[in-house]
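Accompanying notes for the structure given below.
Residue numbers (our numbering): 1 to 185.
Next up, the structure:
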């Protein structure tokens with residue numbers, strides 16, 4: 001009986017530590033290479049019609065992120081996909097969201113769509129696609145930590161990340177979760 005009670009007490013003390021360890025997040029090497037000492041500003045899950053599409057993590061550097069001045073510093077948005085999707089579908093959805101936000105001209109969006117079609121790979125459950133915002137330059141992309149390429153167009157960079165970070169995004173609750181601790185410190 002004493003052994004059972006001691007075991008129960010030990011479990012009560014150790015379980016919260018195990019839970020904390022499971023939720024600890026490690027800075028991905030490619031994000032560290034891009035941002036230096038970065039911190040996880042927020043994370044959340046995007047669902048469409050109840051289906052999990054991806055988990056998102058938003059990483060910021062020492063300057064943080066300000067909604068009123070989004071182009072000041074580099075940041076990283078990492079999406080871990082929860083299902084298989086074609087790269088073309090990802091490009092199409094991205095372009096549709098930019099259009100809903102009224103970002104870019106129709107001609108710009110057509111150019112961006114073509115570039116994304118050529119850059120974005122098909123993904124499976126567990127695939128990570130990371131976008132790095134390059135202020136006044138564009139964006140750089142990684143798949144599972146390996147470089148995919150860049151779209152060097154400052155307007156594209158702002159429009160692409162606005163899909164998640166603009167106040168008018170169609171994913172307002174995800175935006176709120178991503179920006180939870182994004183302010184400069």
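Think of the CB as a built atom: it goes at the ideal place given N, C-alpha and C, for glycine as much as any other residue.
On a predicted model such as this, the values are computed, not experimentally measured, just so you know.
Open item on the list: Using 8 Å as the threshold, is the C-beta distance between residue 38 and residue 61 below it?
Closed with: Locating residue 38 in the chain shown gives position 38, where the first residue counts as 1. Locating residue 61 in the chain shown gives position 61, where the first residue counts as 1. Residue 61 is positioned such that its CB atom lies closer than 8 Å to that of residue 38.
Task: Minimum C-alpha distance to residue 182 - residue among 55, 72, 53, 45 - done: Here residue 182 corresponds to residue number 182 of the chain shown, with the count starting at 1. Residue 182 has its Cα closest to that of 72, out of 55, 72, 53, 45.
TODO: Name the two residues that bound the continuous alpha helix (DSSP H) containing residue 111.
DONE: Numbered from 1 along the chain shown, position 111 holds the residue referred to as residue 111. Where residue 111 is concerned, the enclosing alpha helix (DSSP H) stretches over 106-119.
Open item on the list: Give me the DSSP bridge partner(s) of residue 158.
Closed with: Locating residue 158 in the chain shown gives position 158, counting from the first residue. Bridge partners of residue 158: none, in fact.
Open item on the list: If the criterion is Cβ atoms closer than 8 Å, does the pair residue 99 and residue 83 meet it?
Closed with: The sequence position of residue 99 within the chain shown is 99, counting from 1. The sequence position of residue 83 within the chain shown is 83, counting from 1. The Cβ atoms of residue 99 and residue 83 do not sit closer than 8 Å to each other.
Task: Inter-residue spacing [alpha-carbon to alpha-carbon] between residue 122 and residue 63 - done: Indexing the chain shown from 1 puts residue 122 at position 122. Indexing the chain shown from 1 puts residue 63 at position 63. The alpha-carbon separation between residue 122 and residue 63 amounts to approximately 33 Å.
- [ ] Under 8 Å Cβ to Cβ from residue 48, same chain only, skipping five residues before and after it: list those, please.
- [x] What you label residue 48 is simply residue 48 of the chain shown in a count that begins at 1. Excluding sequence neighbours, residue 48 sits near nothing in its chain.
- [ ] Drop a sphere of 10 angstroms on the beta-carbon of residue 26, count the other beta-carbons inside from all chains shown, and report buried for 16 or more, exposed for fewer.
- [x] Counting from one through the chain shown, the residue named residue 26 turns up at place 26. Exposed, because fewer than 16 other Cβ atoms sit within 10 Å of the Cβ of residue 26.
Open item on the list: Here's a check: name, in chain order, each residue in its chain whose Cβ is nearer than 6 Å to the Cβ of residue 85, leaving out the five neighbours to either side.
Closed with: Numbered from 1 along the chain shown, position 85 holds the residue referred to as residue 85. Hits under 6 Å: 123.
- [ ] Check whether the Cβ of residue 155 lies closer than 8 Å to any Cβ atom in chain D.
- [x] No chain D appears in this structure, which consists of one protein chain only.
Open item on the list: Is it buried or exposed, residue 34, if we count other Cβ atoms within 10 angstroms and call 16 or more buried?
Closed with: Start at 1 with the first residue of the chain shown, and residue 34 comes out as number 34. By the 16-neighbour rule on beta-carbons within 10 angstroms, residue 34 is buried.
TODO: Compute the beta-carbon to beta-carbon distance between residue 164 and residue 148, rounded to the nearest angstrom, for a pair I have assumed lies under 8 Å.
DONE: Within the chain shown, numbered from 1, the residue matching residue 164 stands at position 164. Within the chain shown, numbered from 1, the residue matching residue 148 stands at position 148. Taking C-beta atoms under 8 Å as the contact rule, residue 164 and residue 148 fail to qualify, at a distance of about 18 Å.
Open item on the list: Quick test of your reading: residue 139 and residue 42, contact by CB under 8 Å. State the CB separation rounded to the nearest angstrom.
Closed with: Counting from 1 along the chain shown, the entry for residue 139 is found at position 139. Counting from 1 along the chain shown, the entry for residue 42 is found at position 42. Not really, about 19 Å apart at Cβ, beyond 8 Å.
Task: Reduced DSSP secondary structure (H/G/I, E/B, other) of residue 97 - done: For the purposes of this step, residue 97 is taken as the residue at position 97 of the chain shown. Note: residue 97 maps to helix in three-state DSSP.
Open item on the list: Taking only three categories from DSSP, how would you classify residue 174?
Closed with: Counting from 1 along the chain shown, the entry for residue 174 is found at position 174. Three-state result, residue 174: helix.
Open item on the list: At the level of alpha carbons, what is the spacing between residue 55 and residue 46?
Closed with: In the chain shown, counting from the first residue as 1, residue 55 sits at position 55. In the chain shown, counting from the first residue as 1, residue 46 sits at position 46. Their backbone Cα atoms lie some 6 Å apart in a straight line.
TODO: Check whether the Cβ atoms of residue 162 and residue 77 lie closer than 8 Å to each other.
DONE: On the chain shown, position 162 is the one that residue 162 refers to. On the chain shown, position 77 is the one that residue 77 refers to. Their beta carbons are not under 8 Å apart, which means residue 162 does not touch residue 77 by this criterion.
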